[in-house]
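Some notes on the structure that comes next.
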Amino acid sequence: MESTAARTAPAVIVAIDGPSGTGKSSTSRAVAAQLGLSYLDTGAQYRAITWWMVTNGIDLTDPSSIAAAAGKPDIVSGTDPGAPTITVDGTDVAGPIRTQEVTSKVSAVSAVPEVRARITGLQRSIASAAGRGIVVEGRDIGTTVLPDADLKVFLTASAEARAARRSAEIKGADVAATREALIKRDTADSTRKVSPLAKAADAVEVDTSDLTLQQVVECVVTLVEEKRAAK
Ligand code: DC
Numbered sequence: 013m014e015s016t017a018a019r020t021a022p023a024v025i026v027a028i029d030g031p032s033g034t035g036k037s038s039t040s041r042a043v044a045a046q047l048g049l050s051y052l053d054t055g056a057q058y059r060a061i062t063w064w065m066v067t068n069g070i071d072l073t074d075p076s077s078i079a080a081a082a083g084k085p086d087i088v089s090g091t092d093p094g095a096p097t098i099t100v101d102g103t104d105v106a107g108p109i110r111t112q113e114v115t116s117k118v119s120a121v122s123a124v125p126e127v128r129a130r131i132t133g134l135q136r137s138i139a140s141a142a143g144r145g146i147v148v149e150g151r152d153i154g155t156t157v158l159p160d161a162d163l164k165v166f167l168t169a170s171a172e173a174r175a176a177r178r179s180a181e182i183k184g185a186d187v188a189a190t191r192e193a194l195i196k197r198d199t200a201d202s203t204r205k206v207s208p209l210a211k212a213a214d215a216v217e218v219d220t221s222d223l224t225l226q227q228v229v230e231c232v233v234t235l236v237e238e239k240r241a242a243k
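If you read the sequence shown in my numbering, its first letter stands for residue 13, the second for the next number, and so on.
Written as structure tokens, this is what we have:
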């Protein structure tokens, strides 16, 4: 429920980063909905550009082919936390970007500097257009995309907790195989040269391994309210 304070409060920019399976998306959406803010899933944007490259037969083993195509697709994100959307050249790709094929290729595409420059530009213009503020979730939001965010949160969780959550999302998935795939993707995302997954020096770290979603949401809402009160 949105409060009167939320309607009159100054715009607030919240950056939520962390590896896969830490509850970033569920937390970010719930915090944005509760505080009347917009919401941006930046992983969906990297997935969308990857989906376009796969669909258009771009050679994903060749970074220069990826770089040359980076400016071509038109990626549009809808930022309502109750019903976020993502389109590529006008096509709804919310389903296709979650396939195993896209998931296994997104790290290679998102490591290419031209792709990051393109998507980072989109993210900054969406954040600056969000009149009442926005929750932006990703890997490099607090460090690179929005270094002046009012609040930076870095979510972590044990590999076991993350794999168990992801396997529950993808019904019937094998936990051990999911754990291996998660670790492989996190290693690729953390070790790439351009804006790797990293905790900003001024981010608040929250280990979600033993917390419920509701507890994590309450913790982040409290942090946002503290920042708002201090503005
Ligand atoms: O959050 P996700 O699993 O949907 O993200 C998909 C991939 O996108 C992830 O493996 C790394 C990349 N990504 C990124 O490089 N930078 C971001 N800000 C968000 C995601």
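Every residue gets a Cβ at the ideal spot worked out from N, C-alpha and C, and that includes glycine.
Judged by DSSP in its simplified three-state form, residue 150 adopts strand. The alpha-carbon of residue 80 is positioned some 35 Å away from that of residue 214. Sorting 31, 24, 27 and 25 by C-alpha distance to the C-alpha of residue 191 places 31 at the top. Rounded to the nearest whole angstrom, the CA to CA distance from residue 197 to residue 212 is 20 Å.
For residue 164, no alpha helix (DSSP H) segment is defined; the enclosing uninterrupted segment is the beta strand (DSSP E) at 163-168. Looking at the DSSP output, residue 134 shares a beta bridge with no other residue.
The beta carbon of residue 174 sits closer than 8 Å to the beta carbons of 31, 32, 33, 34, 191 and 194 from its chain, once the five residues preceding and following it are set aside; these are given in chain order.
In this structure, residue 153 has its beta carbon less than 7 Å from a heavy atom of the ligand DC.
A straight-line Cα-Cα distance of about 21 Å links residue 176 and residue 209. Not one heavy atom of the ligand DC falls within 7 Å of the beta-carbon of residue 66. Inside the stretch 53-102, DSSP marks whole alpha helix (DSSP H) runs of 4 or more residues at positions 54-67 and 75-81, from first to last along the chain.
In terms of side-chain proximity, the C-beta atom of residue 197 is found nearer than 7 Å to a non-hydrogen atom of the ligand DC. In the pairwise beta carbon analysis, the stretch 49-66 is classified as touching the stretch 148-158: at least three pairs are separated by under 8 Å.
For residue 219, the enclosing beta strand (DSSP E) has its first and last residue at 216-219. Looking at the backbone, the Cα of residue 206 and that of residue 162 are separated by about 23 Å. If you check the C-beta of residue 119 against the ligand DC, you find a heavy atom less than 7 Å away.
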